[in-house]
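In order, the protein sequences belong to chains A and B. Residue numbers for the first sequence follow my numbering, so the first one is 1 and each next one is one higher. Residue numbers for the second sequence follow my numbering, so the first one is 1001 and each next one is one higher. We put the CB at the ideal spot given by N, CA and C, even for glycine. Treat the numbers as computed from the prediction; the structure is a model and nothing was measured. Single-structure report; data block below.
There are 2 protein chains.
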Amino acid sequence: MDRRSIIKHAGVAGVLAAGAAPAIVSAQPAVRWRLASSFPRALDTIYGAAEVFAKTVSDSTGGRFQVSVHPGGELMPAFGVVDGVQAGTVECAHTAPYYFFGKDDTFAMGTAIPFGLNSRQLTAWYYDGNGLKLFREFYDAYNIVNFPMGNTGAQMGGWYRKEIKSPADLQGLKFRVGGFAGKVMSKLGSVPQMIPGGEIYQALERGTIDAVEWVGPYDDEKLGFQRVAQNYYYPGWWEGGAQLDLYVNKAAYNALSPEYKTIVTAAASHAHTVMQSMYDVRNPQALKRLVAGGTKVLPFPRSVMDAAFNASQELYKELNDTNPRWKKIFDDYSAFRRDANLWFRFTEARFDSYMQAARL
Amino acid sequence: MDRRSIIKHAGVAGVLAAGAAPAIVSAQPAVRWRLASSFPRALDTIYGAAEVFAKTVSDSTGGRFQVSVHPGGELMPAFGVVDGVQAGTVECAHTAPYYFFGKDDTFAMGTAIPFGLNSRQLTAWYYDGNGLKLFREFYDAYNIVNFPMGNTGAQMGGWYRKEIKSPADLQGLKFRVGGFAGKVMSKLGSVPQMIPGGEIYQALERGTIDAVEWVGPYDDEKLGFQRVAQNYYYPGWWEGGAQLDLYVNKAAYNALSPEYKTIVTAAASHAHTVMQSMYDVRNPQALKRLVAGGTKVLPFPRSVMDAAFNASQELYKELNDTNPRWKKIFDDYSAFRRDANLWFRFTEARFDSYMQAARL
């Protein structure tokens, strides 16, 4: 029996009886959290980020701080997790903030907004810019303390039964699209639909929608969209880098020891990095399989991009004029976006474009 | 006096005397590590990543696991840290692996090789591809367990007294360049120089070198190169995403509890993310200041890029033919690079290029 087993089985008296040195200087309490994911278990990248987080927390604490991860619908509806965390029904959730733009459009900036930041830029804005600070203030009204926890990278523009040759082809299009982007789609004449990940395929198969965007090759292939629509467009201009967040109930977070608070922070960062990595490793392979299977990979025409860009600017002006919570964060976000793109266009872009054209 | 203070001051007997519940189920031992950085304290981004790591480890453990961070030269020379970790003189180091290509060219792939992976791709290869696994095997001979801990992003191509208009202008150029890239520079006729970060400015000022590359706007501005050379080229084709690593002495790592091992892993991931974020936030501001101060920002001509690309391919062929350790990792690295660039050229590149040209 090793020393830890003795401690575990015999308690302090047993340790003393066994003659163990008094190295025990600090006890961390047992903590049990439930994490409600908005995603089905089958999406191993997104759902997997929550599992990476839970395992890291548990392993950092010798199992004394346990987080059980539950797929969307198990504890509460996939889109009910903000209410669940706010009310303290669960201690935490893993979700895409933009699902909750119906509560306040400001949520959208926490994941992705049309023509927003890319993955690295959004991460930078959170970790070394003002992003995390501003969102912590915003979420306070929802009893939420948030942590970036995963990004998908730039998403694809989705699967379309018919080709999109001009903005006119978006008229009347019944389109499953994640959250806030639907507002821009509406301005372009489309009919946006909010459907959780686990239910999209069925809707597309039934024909209740004409087009669907989800994430990118790896997830999309798994959900099987390629069996129903052949035209796969890029880029997903409404999700240039879609971030997931860990939402922690404020009281649950504040009840943690300083050690556990740091462990939660670092575990979320670890999961953040792992999730983007999973997409970056797995998307290329899935793309190759999809193309081999007959999927047509097509760029949105410039006219569609420009129409969408202009509609987005119109929306942002409306929100700046009507929602002070939005405006406060968007002012900082958009200034960062301008500077980040100024810089990225030099060495990052030129290196990448050279590599993408090279014979490797 | 709170419960922790009692425990700290009175030991186990005191806890029992005070009637504390036997909640103490696992003791984590006190650990003190020294971390030798290869960088001067003034480089707050790179040096700062080691400090973020140390603070995260300490805060995760209530100060029981302390890592003291020492700038290059304090405990050992900046380029002596591999020897230091290998011999166990220090428990860990934070460095750029490519500094050590003199020991084995394979080290270079751990940071950046000419026309290699960009920041996100390299991170992905480590975290969800085979990168970490392959490098752990490689470093075993050096008693090192490594962790990715920071990336600068694509670096700039450096500061040149004279403009570079064709490959002919590289002939005879005395060029301070980080590590392994010097091999390609030599093939192009330049005379590469290895000089640690803290000593470069002096060399450029003295005129012992004609050109210098270091990192990018934020660090370069701080080292003052703009006062000595005006032509600032991009991209740094030899550093499309330069990774720093935490090197931990194998015996020191193996002596850690499972909890501490996980805490080290997560803290390194956290520092990895924070460091890239610091660069992405601070480089744009520095670039604007440099340009306002008269720096000319220029792209390398295509002819220079192509000459460098061809020389790099020649070098990789030589290394594949002569160094089995290199070949084993490069085979995996280059297959990943091909697929990653295939994927990134679609939605990532098109989203980014649209944003970089947009009126934001």
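At least one C-beta of chain B is nearer than 8 Å to the C-beta of Asp352 (chain A). Out of A:Lys288, A:Met185, A:Gln171, A:Phe175, the CA that lies nearest to the CA of Glu221 (chain A) is found in A:Lys288.
Per DSSP, the beta-bridge partners of Ala1036 (chain B) are B:His1070, B:Ala1093. Contact check for Phe1346 (chain B) and Tyr247 (chain A): beta-carbon distance about 32 Å, past the 8 Å limit, so the pair fails to qualify. Tyr1126 (chain B) is not a Cβ neighbour of Gly1178 (chain B), given a cutoff of 8 Å. Secondary structure at Asp104 (chain A): coil, using DSSP grouped into helix, strand and coil.
In the three-state DSSP reduction, Leu1290 (chain B) falls in the helix class (H, G or I). With a cutoff of 8 Å on beta-carbon distance, Arg1064 (chain B) and Ala1108 (chain B) are scored as not near each other. Rounded to whole angstroms, the Cβ separation of Val1264 (chain B) and Val1057 (chain B) is 7 Å, and the two are in contact under 8 Å. Counting along the chain, the unbroken beta strand (DSSP E) around Gln1243 (chain B) starts and ends at 1243-1249. Note on Lys183 (chain A): 16 or more other CB atoms within 10 angstroms of its CB, so buried under the neighbour-count rule. About 5 Å separates the beta carbon of Ala1049 (chain B) from that of Ala1271 (chain B), a gap short enough to meet the 8 Å contact definition. Taking C-beta atoms as the reference points, Pro1196 (chain B) and Phe1079 (chain B) count as a pair closer than 8 Å. Cβ neighbours of Gly294 (chain A) within its own chain (closer than 7 Å, five residues either side excluded): Gln230. The three-state reading of DSSP puts Pro258 (chain A) in helix, counting H, G and I together. The C-alpha of Tyr1201 (chain B) is placed about 6 Å away from the C-alpha of Leu1223 (chain B).
For Thr1061 (chain B), the residues of chain A that pass the 8 Å Cβ criterion are Glu259, in the order they occur in the chain. Taken in chain order, the complete alpha helix (DSSP H) segments of 4 or more residues contained in the stretch 1259-1343 of chain B are 1302-1322. For Val1191 (chain B), the CB contacts under 6 Å within the same chain, skipping 5 residues up- and downstream, are Lys1174 in chain order. In the structure shown, Met194 (chain A) falls within a coil segment according to DSSP collapsed to helix, strand and coil. Not flagged as an interface residue toward chain A: Tyr1099 (chain B), since no C-beta distance is shorter than 8 Å. Shown here, Val177 (chain A) sits in coil according to DSSP, grouped into three states, outside any helix or strand. Under the three-state reduction of DSSP output, Pro1148 (chain B) falls in the strand class. Counting the other CB atoms within 10 Å of its CB gives Glu91 (chain A) a total of 16 or more, which places it among the buried residues. With a 10 Å radius around the Cβ and a threshold of 16 neighbouring Cβ atoms, Pro1324 (chain B) comes out exposed. Only Phe1115, Gly1116, Leu1117, Asn1118, Ser1119, Arg1120, Gln1121, Thr1123, Ala1124, Trp1125, Tyr1126, Tyr1127, Asp1128, Gly1129 from the stretch 1106-1129 of chain B bring a Cβ to less than 9 Å from some Cβ of chain A.
By the criterion of a C-beta distance shorter than 7 Å, Pro114 (chain A) is surrounded in its chain by Ala181, Val184, Trp237, Trp238, Ala308, Ser312, once the five residues flanking it on both sides are discounted. Among the bridge pairs identified by DSSP, Gly158 (chain A) is matched with A:Tyr233. Against His1094 (chain B), chain A offers no close residue; the least beta-carbon distance is about 17 Å (beta-carbon pairs closer than 9 Å). Annotation: Tyr253 (chain A) to Ala54 (chain A) spans about 15 Å, alpha carbon to alpha carbon. The residue from B:Leu1360, B:Arg1041, B:Ser1060, B:Thr1152 with its alpha-carbon nearest to that of Asp1245 (chain B) is B:Thr1152. With respect to chain B, the C-beta atom of Arg32 (chain A) has no partner C-beta closer than 8 Å. Counting along the chain, no alpha helix (DSSP H) covers Val228 (chain A), and no H or E run does either. Using a CB distance cut-off of 8 Å, Trp237 (chain A) counts as an interface residue toward chain B. Of all residues in the stretch 286-300 of chain A, only Leu287, Val297, Pro299 place a beta-carbon less than 7 Å from a beta-carbon of chain B.
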